[in-house]
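Working notes for the structure below.
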Amino acid sequence: MDLREERYMAALAEEGSITRAAKFLGLSQPALSKWLSQLEEAVGQTLVIRSPQGLVFTQAGQIYLGGCRKSLDAALKMQESLKALSSDRGRTIILGGSPIRGAQAFARIYSPFHIRYPRIDLQFFSAENVNLKKRLLDGQITMSLLGAMETNLPDLEYMKFMDEELLLLLPKGHPLSYAYESLPPNEPYPVIDLRSLKDTPILVNKTETSYGGMLLAMYREMGLEANIVFRSNIIPLLYEMVLNGVGAALIPDSYYNPKDGISAYSLSPRIIVYQGIGLRRGYALREEEEYLIHLVMNNWGSPYYMHEYVDYYMEKRKRRIEMYEHSEV
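For what it's worth, UniProt numbering labels the leading residue of the sequence shown as 1, then goes sequentially.
Have a look at this one:
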């Protein structure tokens, strides 16, 4: 199936310039310019206007581009449907995640996913972040829930769906503890200087977690490494140990419950960590995988704007990937 013209138009829209689109398509810039001129002559309309800000699609160009994208989508869906028919057992999707939070999310989303896609075998693999990233790169898992300090991960694509602040939690009876009820409504948490913990036992994440190495370096820089009495990659365990008076810990705000009677502080600057989905760079998501991502986000309580961001991100990456996919259709 020859979808060359459709791919060329999609590349022009995605890259925003003839030079970049030509490079993306493996063509020379003059060859792509000539093709565009011939196309405009054939349809009798100007489709694209060159401007200092990049390519601008005319009304006719937008109509033509929309038709090209529909053709590309239809061809890809047809190809995927034919592939699915050739398999008696359907597909297997392996979602990676942490042994606690990831496993809990998987348990909640399994039934709604299975009801919608009964022929797909949905599985779960649990490990620490480092192992999950390695298995993603090796193609052993389809996608993975990952915690991260930044969205730019080497050789992976990362779609964040939740921002979480690391709060310093102090046990009941600590000299710096306070009554949560004393805080003004809707006010931010009070700020603390970690150096004030010089006489406090500290609980910390192991370095295999997404931010464990950063926390260890921070405590070391402040001369607090000797205060560390316990390390674990199980966040609920660290929280329970704070609750039982063992020491202080930096823990994502989603775990904190003011009714537990422990005190929460922000740092300055605040430390924000992300929760999201990791994919191999260039991996073409199918309909059922996009559905799975939104199921995970719903389970995590992601805000509406994060769903919009992920929809936009998936649509944008799909346009780039499909130009490669359709070269073989």
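The beta carbon of each residue, even a glycine, is placed where N, CA and C say it ideally should be.
Checklist entry - Anyone know if the C-beta pair for Ile202 and Tyr219 falls short of 8 Å? => result Taking the first residue of the sequence shown as 1, we reach residue 202 at position 202. Taking the first residue of the sequence shown as 1, we reach residue 219 at position 219. For Ile202 and Tyr219, yes; Cβs fall inside 8 Å.
Checklist entry - Among residues of its own chain, excluding the 5 on either side of Thr46, which ones have a beta-carbon nearer than 8 Å to its beta-carbon? => result The count along the sequence shown starts at 1 and reaches residue 46 at position 46. Cβ neighbours of Thr46 beyond the five flanking positions: Glu40, Thr58, Ala60 and Gly61.
Checklist entry - Does DSSP classify Lys198 as helix, strand or coil? => result Against the sequence shown, residue 198 aligns to sequence position 198. If DSSP states are grouped into helix, strand and coil, Lys198 belongs with coil.
Item to check | Contiguous beta strand (DSSP E) assignments of at least 3 residues, all confined to the region 200-234 | outcome: Here the runs fully enclosed are 202-205 and 228-232.
Next on the checklist: By alpha-carbon positions, which one of Pro30, Ser144 and Arg119 ends up nearest to Ala127?
Outcome noted: The sequence position of residue 127 within the sequence shown is 127, counting from 1. Answer by Cα proximity: Ser144.
Checklist entry - Should Thr209 and Gly282 be called a contact, given that it needs their Cβ atoms to be closer than 8 Å? => result On the sequence shown, position 209 is the one that residue 209 refers to. On the sequence shown, position 282 is the one that residue 282 refers to. It is not a contact, given that the beta carbons lie outside the stated cut-off.
Checklist entry - What does Ala264 pair with, by DSSP beta-bridge criteria? => result Within the sequence shown, residue 264 is the residue found at index 264, counting from 1. BP columns for Ala264 point to Leu169.
Next on the checklist: Using CA atoms only, rank isn't needed, just tell me which of Lys34, Tyr211, Ile109 and Ile18 is closest to Trp300.
Outcome noted: Within the sequence shown, numbered from 1, the residue matching residue 300 stands at position 300. That would be Ile109, whose Cα lies nearest to the Cα of Trp300.
Next on the checklist: Strictly under 8 Å for the Cβ-Cβ distance: is Ala74 near chain C by that measure?
Outcome noted: This model lacks chain C altogether; it includes just one protein chain.
Next on the checklist: For the pair the region 167-180 and the region 244-252, tell me if three or more CB-CB distances fall below 8 Å.
Outcome noted: yes
Checklist entry - Helix, strand or coil for Gly54 per DSSP? => result Position 54 of the sequence shown, counted from the start, is the residue given in the question as residue 54. Look at Gly54 here: in three-state DSSP terms it is strand.
Item to check | Assigned exposure category for Gly97 - 16 Cβ within 10 Å defines buried | outcome: The residue you call residue 97 lines up with position 97 of the sequence shown. Buried is the call here.
Checklist entry - Lys160 bridges to which residues according to DSSP? => result Taking the first residue of the sequence shown as position 1, residue 160 is located at position 160. DSSP output for Lys160 lists Gly276 as bridge partner(s).
Checklist entry - By how many angstroms is the C-alpha of Ile228 removed from the C-alpha of Arg280? => result Position 280 of the sequence shown holds residue 280. Position 228 of the sequence shown holds residue 228. Straight-line Cα distance between these residues: approximately 36 Å.
Checklist entry - What is the DSSP secondary structure of Ala284, counted as helix, strand or coil? => result Taking the first residue of the sequence shown as position 1, residue 284 is located at position 284. Coil, per DSSP.
Checklist entry - So, helix, strand or coil for Val246, using DSSP? => result For the purposes of this step, residue 246 is taken as the residue at position 246 of the sequence shown. Coil at Val246, not helix or strand.
Next on the checklist: Going by the DSSP bridge assignment, what does Thr92 pair with across the sheet?
Outcome noted: Counted from its first residue, the sequence shown places residue 92 at position 92. Paired residue(s): Asp121.
Checklist entry - Taking Cβ to Cβ, would you say Thr151 is nearer than 8 Å to Tyr274? => result Along the sequence shown, read from residue 1 onward, the residue named residue 151 stands at position 151. Along the sequence shown, read from residue 1 onward, the residue named residue 274 stands at position 274. In this structure, Tyr274 lies closer than 8 Å to Thr151 by Cβ.
Checklist entry - Quick one: what does DSSP say Gly16 is sitting in, helix, strand or coil? => result Stepping through the sequence shown from its first residue, residue 16 is reached at position 16. If DSSP states are grouped into helix, strand and coil, Gly16 belongs with coil.
Checklist entry - What is the residue span of the alpha helix (DSSP H) that Ser28 lies within? => result For the purposes of this step, residue 28 is taken as the residue at position 28 of the sequence shown. First-last for Ser28: undefined, no H or E at that position.
Next on the checklist: Using a Cβ-Cβ cutoff of less than 6 Å, which residues in the same chain neighbour Lys204 once the five nearest sequence positions on both sides are dropped?
Outcome noted: As a working note, residue 204 is residue 204 in the sequence shown. The sequence given here places Val at residue 204; Lys does not occur at that position. If we look at Val204 and ignore the five residues flanking it on each side, its Cβ neighbours are Leu215, Ile228 and Arg231.
Checklist entry - Whose C-alpha, out of Phe161, Ile18, Leu224 and Tyr8, is nearest the C-alpha of Gly66? => result What you label residue 66 is simply residue 66 of the sequence shown in a count that begins at 1. When each option's Cα is compared against that of Gly66, the closest is Tyr8.
Item to check | Rounded straight-line distance, which links the Cα of Pro236 to that of Tyr180 | outcome: Counted from its first residue, the sequence shown places residue 180 at position 180. Counted from its first residue, the sequence shown places residue 236 at position 236. Their backbone Cα atoms lie some 21 Å apart in a straight line.
Checklist entry - What are the residues that DSSP puts in a beta bridge with Ala21? => result The sequence position of residue 21 within the sequence shown is 21, counting from 1. In the DSSP output, where bridge partners are listed per residue, Ala21 has none listed.
Item to check | Assigned secondary structure, Gly139 (DSSP; H/G/I helix, E/B strand, else coil) | outcome: Taking the first residue of the sequence shown as position 1, residue 139 is located at position 139. Three-state DSSP puts Gly139 in coil, outside helix and strand.
Next on the checklist: According to DSSP, is Ile100 part of a helix, a strand, or is it coil?
Outcome noted: Position 100 of the sequence shown, counted from the start, is the residue given in the question as residue 100. If DSSP states are grouped into helix, strand and coil, Ile100 belongs with coil.
Checklist entry - Taking all protein chains shown into account, do 16 or more other C-beta atoms lie within 10 angstroms of the C-beta of Asn257, making it buried, or fewer, making it exposed? => result Along the sequence shown, read from residue 1 onward, the residue named residue 257 stands at position 257. Exposed, by the Cβ-count rule.
Checklist entry - Could you give the distance in angstroms between the alpha-carbon of Ile63 and the alpha-carbon of Val48? => result Within the sequence shown, the letter at position 63 stands for residue 63. Within the sequence shown, the letter at position 48 stands for residue 48. The alpha-carbon atoms of Ile63 and Val48 are separated by roughly 11 Å.
Next on the checklist: Please report the distance separating the alpha-carbon of Lys198 from that of Lys206.
Outcome noted: Your numbering for residue 198 matches position 198 in the sequence shown. Your numbering for residue 206 matches position 206 in the sequence shown. Approximately 21 Å between the Cα atoms of the pair.
Item to check | Ile192 in three-state terms, based on DSSP | outcome: Your numbering for residue 192 matches position 192 in the sequence shown. Ile192: coil per DSSP, three-state reduction.
Checklist entry - Under the three-state reduction of DSSP, which class applies to Gly147: helix, strand or coil? => result Residue 147 sits at position 147 when you count from the first residue of the sequence shown. Here Gly147 sits in strand by DSSP.
Checklist entry - On the three-state DSSP scale, how would you describe Pro252? => result By one-based count along the sequence shown, residue 252 stands at place 252. Strand, per DSSP.
Item to check | Residues bridged to Ile49 [DSSP beta-bridge criterion] | outcome: Reading the sequence shown from its first residue, position 49 is the one you call residue 49. Bridge partners of Ile49: Val56.
Next on the checklist: To the nearest angstrom, how far is the alpha carbon of Leu95 from that of Lys77?
Outcome noted: Here residue 95 corresponds to residue number 95 of the sequence shown, with the count starting at 1. Here residue 77 corresponds to residue number 77 of the sequence shown, with the count starting at 1. Their Cα atoms are separated by approximately 23 Å.
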